[in-house]
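Here the protein sequences line up with chains A and X, keeping their order.
If you count by the UniProt record's numbering, then the first sequence holds residues 1 to 411, one letter each, in order.
If you count by the UniProt record's numbering, then the second sequence holds residues 1 to 411, one letter each, in order.
2 protein chains.
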Amino acid sequence: MKKLTSWLDIPADSDFSIYNLPFGIFSKKKGKTRAGIAIGNHIVDLAALAEAELIDVSPFVFRQSTLNEFIGLGKEVTNKVRLDVQGLLIDADSPLKKKPEILVPQADVQMHLPVHIGDYTDFYSSIEHATNVGKMFRDPENALLPNWRHIPVGYHGRASSIVVSGTPIKRPKGQLMPKDATAPVFKPSGRLDFELEMGFITGKNTQLGTSIGTKEAEDYIFGLVLFNDWSARDIQKWEYVPLGPFLGKNFGSSISPWIVTIEALEPFKVAGPKQDPEVLPYLKYEGNQNYDVQLEVALQPENGEEQTVSSSNFKYMYWNMAQQLAHHTINGCNIHIGDVMASGTISGKDESSYGSMLEISWGGSKPITLKDGSTRTFIEDNDTVIMRGFAEKDGIKVGFGEVRGTILPAD
Amino acid sequence: MKKLTSWLDIPADSDFSIYNLPFGIFSKKKGKTRAGIAIGNHIVDLAALAEAELIDVSPFVFRQSTLNEFIGLGKEVTNKVRLDVQGLLIDADSPLKKKPEILVPQADVQMHLPVHIGDYTDFYSSIEHATNVGKMFRDPENALLPNWRHIPVGYHGRASSIVVSGTPIKRPKGQLMPKDATAPVFKPSGRLDFELEMGFITGKNTQLGTSIGTKEAEDYIFGLVLFNDWSARDIQKWEYVPLGPFLGKNFGSSISPWIVTIEALEPFKVAGPKQDPEVLPYLKYEGNQNYDVQLEVALQPENGEEQTVSSSNFKYMYWNMAQQLAHHTINGCNIHIGDVMASGTISGKDESSYGSMLEISWGGSKPITLKDGSTRTFIEDNDTVIMRGFAEKDGIKVGFGEVRGTILPAD
Chain A
1 MKKLTSWLDI
11 PADSDFSIYN
21 LPFGIFSKKK
31 GKTRAGIAIG
41 NHIVDLAALA
51 EAELIDVSPF
61 VFRQSTLNEF
71 IGLGKEVTNK
81 VRLDVQGLLI
91 DADSPLKKKP
101 EILVPQADVQ
111 MHLPVHIGDY
121 TDFYSSIEHA
131 TNVGKMFRDP
141 ENALLPNWRH
151 IPVGYHGRAS
161 SIVVSGTPIK
171 RPKGQLMPKD
181 ATAPVFKPSG
191 RLDFELEMGF
201 ITGKNTQLGT
211 SIGTKEAEDY
221 IFGLVLFNDW
231 SARDIQKWEY
241 VPLGPFLGKN
251 FGSSISPWIV
261 TIEALEPFKV
271 AGPKQDPEVL
281 PYLKYEGNQN
291 YDVQLEVALQ
301 PENGEEQTVS
311 SSNFKYMYWN
321 MAQQLAHHTI
331 NGCNIHIGDV
341 MASGTISGKD
351 ESSYGSMLEI
361 SWGGSKPITL
371 KDGSTRTFIE
381 DNDTVIMRGF
391 AEKDGIKVGF
401 GEVRGTILPA
411 D
Chain X
1 MKKLTSWLDI
11 PADSDFSIYN
21 LPFGIFSKKK
31 GKTRAGIAIG
41 NHIVDLAALA
51 EAELIDVSPF
61 VFRQSTLNEF
71 IGLGKEVTNK
81 VRLDVQGLLI
91 DADSPLKKKP
101 EILVPQADVQ
111 MHLPVHIGDY
121 TDFYSSIEHA
131 TNVGKMFRDP
141 ENALLPNWRH
151 IPVGYHGRAS
161 SIVVSGTPIK
171 RPKGQLMPKD
181 ATAPVFKPSG
191 RLDFELEMGF
201 ITGKNTQLGT
211 SIGTKEAEDY
221 IFGLVLFNDW
231 SARDIQKWEY
241 VPLGPFLGKN
251 FGSSISPWIV
261 TIEALEPFKV
271 AGPKQDPEVL
281 PYLKYEGNQN
291 YDVQLEVALQ
301 PENGEEQTVS
311 SSNFKYMYWN
321 MAQQLAHHTI
331 NGCNIHIGDV
341 MASGTISGKD
351 ESSYGSMLEI
361 SWGGSKPITL
371 KDGSTRTFIE
381 DNDTVIMRGF
391 AEKDGIKVGF
401 GEVRGTILPA
411 D
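Here it is, written out as structure tokens:
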């Protein structure tokens with residue numbers, strides 16, 4: 001990959017390198033929302049850039065509360081904007097140099113949900129996670145269900161409760177069935193958990209009754225975010241048979257604010273795990289479809305120091321995004337720009353790479369100790385969970401920033 | 001209830017009586033979408049009515065592709081519009097009489113989805129349906145799962161594939177596991193089914209972290225529609241463990257175009273079934289919360305006569321809408337104007353009141369015979385399914401019209 005250098009001061013370890021240039025929605029103090037591209041510690045204000053006629057898109061498209069309209073212009077336009085901005089940041093004689101007001105310090109802004117999310121789907125595509133859950137909740141000898149290696153299992157989640165990084169989440173209350181009890185009780189969840197996931201955001205509408213093949217899937221993926229699928233294990237356990245998770249999940253999911261484009265991640269493609277048995281023809285794919293994205297979860301108690309509790313990687317996924325999208329639409333289900341499709345918890349083989357407290361504490365049986373000496377099996381009130389992720393190769397870094405959320409006590 | 005008489009010619013058996021006045025979105029030939037109220041065989045064009053200053057709302061609100069903005073004005077406004085229109089249709093000296101262009105024949109319009117649907121939730125609230133399914137798929141002796149009488153079980157569905165009555169649905173293809181097979185096969189669903197449901201449409205936004213009590217639930221319900229939750233039983237059976245229905249459901253759901261307000265249904269409230277064991281405090285409710293709405297499903301083969309295959313009633317529901325909404329939000333899950341919450345299949349005790357072919361044909365073992373002599377266990381290509389519903393009491397009728405859909409062959 002060709003080395004690129006910007007005239008702008010970009011910290012060497014920044015997630016938002018000249019190779020990344022992710023899209024997001026921000027607002028300055030008391031200002032309106034607008035679209036931007038992250039670069040180092042700054043944001044390129046795309047509305048201002050368009051007003052200055054440095055890119056060939058109507059400023060109107062960037063003066064919105066979401067990126068949906070911009071994404072709807074199609075990859076030809078969105079990729080050109082990204083490459084034009086890259087050019088403006090590289091060019092030593094860039095007209096952008098004379099317009100410092102277009103570069104906004106990230107420290108001065110508030111970030112917002114980047115898209116209006118029409119539908120949200122959550123997959124269950126890590127074989128290590130599905131196996132761990134199967135061992136704990138079902139049969140250790142037959143941990144994976146019979147359909148798991150044939151289907152990228154997924155289910156519909158709640159779009160309304162997806163929030164941007166930094167939004168606090170209140171501990172949910174609900175029905176639980178305590179061990180050995182004969183009737184359910186009502187109380188705040190005692191087994192509140194995170195799930196380390198990534199989500200992709202769709203970039204094109206389809207018509208009901210049509211399908212997307214694995215070969216064309218990338219055309220329908222705008223980009224990716226970090227995704228924390230907060231889960232209340234005790235509520236989930238009592239409610240989920242037979243129709244799946246509901247209140248155990250829909251009290252909140254958090255996403256990182258910057259959408260890293262699938263094009264920026266192209267250099268980090270790697271082969272996925274071998275799929276055995278062979279999948280049905282509509283799920284076959286060509287080339288490398290996994291992505292080497294290093295992921296980390298940190299837990300920070302109130303007024304305490306954060307501590308890494310998981311180091312995982314997006315490349316572990318058994319089912320890749322092309323297969324997920326092909327499966328999701330094989331029955332004719334339509335998609336809209338701004339749908340979110342999350343991966344499911346991303347766990348690796350090693351205990352240190354497990355993507356949820358459920359697995360890390362093995363169902364609550366193995367507490368972990370934090371730097372302040374306190375222990376955790378699940379998330380306590382006022383704990384903050386921070387997920388980070390980046391791809392890196394040959395000195396080139398493309399990162400996601402972080403998704404962060406603090407759990408507030410139940411009312 | 002006071003008898004009301006309109007100067008307009010309304011067929012005596014019309015679903016859209018002077019007591020009903022449901023809201024919908026229509027367009028005339030080559031015209032733009034606008035909001036209307038159904039009355040007899042006509043539609044009151046609300047944009048035209050507002051332009052003529054016969055109601056006190058900006059015409060802009062009615063010149064939209066959905067009712068969301070109108071509903072967002074709040075019940076004080078939406079109920080007033082409905083009652084003002086009722087007054088204009090009763091008053092012998094009504095200024096509406098001199099403006100016939102405001103009354104559009106229903107035969108001249110196309111109907112559209114009435115709302116932009118943010119999230120769609122499907123409940124599972126008929127004890128007869130849940131018991132029938134449990135008997136067929138699990139244990140006939142313990143058909144109801146342990147959580148069923150404690151929780152209004154629900155799950156998230158796909159909003160993007162909800163279509164308005166009249167939209168054809170293509171038979172979905174997908175993975176199935178044939179009986180005694182060792183590997184799944186890929187083919188069109190052979191067990192395509194309808195589900196007779198009703199759905200309510202929410203009328204108010206809430207904030208994440210807040211809940212709606214059963215007492216205030218009605219304030220959050222704008223109105224109801226008929227809902228056909230098309231289901232591919234063979235796809236569903238193979239995929240649904242452990243995370244619930246996905247491709248077996250999300251290839252399409254059909255709704256009736258007219259939203260009958262909860263206020264119009266008030267006279268038809270009745271007591272629901274006794275709930276035993278007693279429910280947790282947050283699910284307790286006061287007064288009658290079920291609705292006596294007669295429901296019917298007809299099946300019409302291509303070029304054939306339609307035949308009633310089910311006669312059910314919304315009053316059979318074990319869990320009512322107030323309980324569903326209270327449960328859905330007890331964990332802080334937020335709702336938006338235009339969310340759809342469907343009841344789940346509405347079956348009664350009697351075989352003639354079963355709300356799906358799965359139950360009517362008892363898992364495919366008891367075919368029914370149609371008027372043309374053909375038999376059905378599930379829905380065949382080019383069959384049309386029509387659902388109708390109305391409430392009637394003391395000679396007063398409030399109906400839903402119909403939701404209709406034809407199954408097209410798979411590609």
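Quick reminder that beta carbons are idealized off the backbone N, C-alpha and C, glycines included.
Distance between residue j and residue i (C-alpha atoms, nearest Å)
i                      : j        : result
X:Ile335               : X:Lys371 : 45 Å
X:Thr202               : X:Tyr220 : 6 Å
X:Ser65                : X:Phe23  : 13 Å
X:Pro59                : X:Ile330 : 37 Å
X:Leu21                : X:Ser311 : 25 Å
A:Lys237               : A:Lys28  : 43 Å
X:Asp45                : X:Leu67  : 13 Å
A:Glu239               : X:Lys274 : 22 Å
X:Gln324               : X:Ala130 : 16 Å
residue 412 of chain X : X:Thr121 : Outside the shown range of chain X (1 to 411) lies residue 412 of chain X, about which nothing can therefore be said.
X:Glu76                : X:Asp84  : 12 Å
X:Asp119               : X:Ser160 : 9 Å
A:Leu145               : A:Lys135 : 11 Å
X:Ile386               : X:Ser254 : 10 Å
A:Thr78                : A:Ser256 : 20 Å
X:Asn320               : X:Lys187 : 38 Å
X:Trp362               : X:Glu197 : 19 Å
Residues that residue i contacts on chain A, provided the C-beta gap is smaller than 7 Å
i        : result
X:Gly252 : Leu208
X:Trp238 : Asn147
X:Lys170 : Gly209 and Gly332
Distance between beta carbons of residue j and residue i, contact taken as under 8 Å
i        : j        : result
X:Asn228 : X:Glu195 : 7 Å
X:Ile10  : X:Ile37  : Wrong, their Cβ atoms sit about 13 Å apart, outside the cutoff.
X:Gly401 : X:Trp258 : 5 Å
X:Gly405 : X:Thr167 : 7 Å
X:Ile169 : X:Val340 : Going by Cβ atoms, the distance from X:Ile169 to X:Val340 rounds to 17 Å, so no, they are not a contact pair.
A:Ala326 : A:Tyr282 : 6 Å
A:Gly332 : X:Phe251 : 5 Å
Residues of its chain near residue i, where Cβ-Cβ distance is below 8 Å and the 5 sequence neighbours each way are ignored
i        : result
A:Gly244 : Tyr155
A:His150 : Pro277, Val279 and Leu280
X:Asp383 : Leu299, Gln300, Pro301, Glu302, Arg376, Thr406 and Ile407
Under 7 Å by beta carbon: chain X residues contacting residue i
i        : result
A:Leu21  : Here the premise fails: no neighbours, minimum Cβ distance about 29 Å.
A:His336 : Ser160
A:Gly213 : The premise fails here: A:Gly213 is roughly 13 Å from chain X at the closest Cβ pair, so nothing lies under 7 Å.
Contact list for residue i against chain A, beta-carbon separation under 8 Å
i        : result
X:Gly174 : Ile330 and Asn331
X:Tyr282 : Phe186
X:Val109 : Chain A residues near X:Val109: none, gap ~22 Å exceeds 8 Å.
X:Ala183 : His150 and Pro277
Close Cβ partners of residue i (< 7 Å) along its chain, the five nearest in sequence each way excluded
i        : result
A:Pro178 : Val185
X:Asp394 : Met1
A:Leu54  : Leu88, Pro95 and Leu96
X:Ser374 : Pro301
A:Pro105 : Asn41 and His42
Cβ shell of residue i (< 6 Å), same chain only, five flanking positions each side left out
i        : result
X:Thr308 : Glu296 and Ala298
A:Val293 : Phe314, Gly389 and Ala391
X:Val109 : Phe26 and Lys28
A:Gly399 : Asp15 and Phe390
A:Gly174 : Ile235 and Leu247
Within chain X, the residues that residue i reaches when beta carbons sit closer than 8 Å
i        : result
A:His42  : Under the 8 Å cutoff, chain X gives no residues; its nearest Cβ is about 30 Å from A:His42.
A:Ala342 : In chain order: nothing, as chain X lies at least about 12 Å away.
The ligand FAD heavy atom lying under 7 Å from the CB of residue i
i        : result
X:Val297 : The model on display carries no ligand, and the ligand FAD is accordingly not part of it.
Exercise. Could you list the residues in the stretch 117-129 of chain A with a C-beta less than 7 Å from some C-beta on chain X, going in chain order?
Key: Of all residues in the stretch 117-129 of chain A, those with a C-beta nearer than 7 Å to a C-beta of chain X are Gly118, Asp119 and Tyr124, reading in chain order.
Practice problem: Taking a Cβ distance cut-off of 7 Å, strictly less, list which residues of the stretch 133-167 of chain X are near chain A, in chain order. | Solution: Of all residues in the stretch 133-167 of chain X, Leu145, Asn147, His150, Ile151, Val153, Gly154, Tyr155, His156, Gly157, Arg158, Ala159, Ser160, Ser161 and Val163 have a Cβ within less than 7 Å of some Cβ in chain A.
Quiz item: Taking any Cβ of chain X, which residues in the stretch 259-283 of chain A have a Cβ under 8 Å from it, in chain order?
Solution: Correct list: Pro277, Leu280, Pro281 and Tyr282.
Exercise. Could you please tell me which residues of the stretch 374-400 of chain A, in chain order, have their CB closer than 7 Å to any CB of chain X?
Key: The stretch 374-400 of chain A vs chain X, Cβ under 7 Å: nothing.
Quiz item: Along the stretch 219-248 of chain A, what residues have a CB closer than 9 Å to any CB found in chain X?
Solution: Listed in sequence order: Ala232, Ile235, Trp238, Glu239, Tyr240, Val241, Pro242, Leu243, Gly244, Pro245, Phe246, Leu247 and Gly248.
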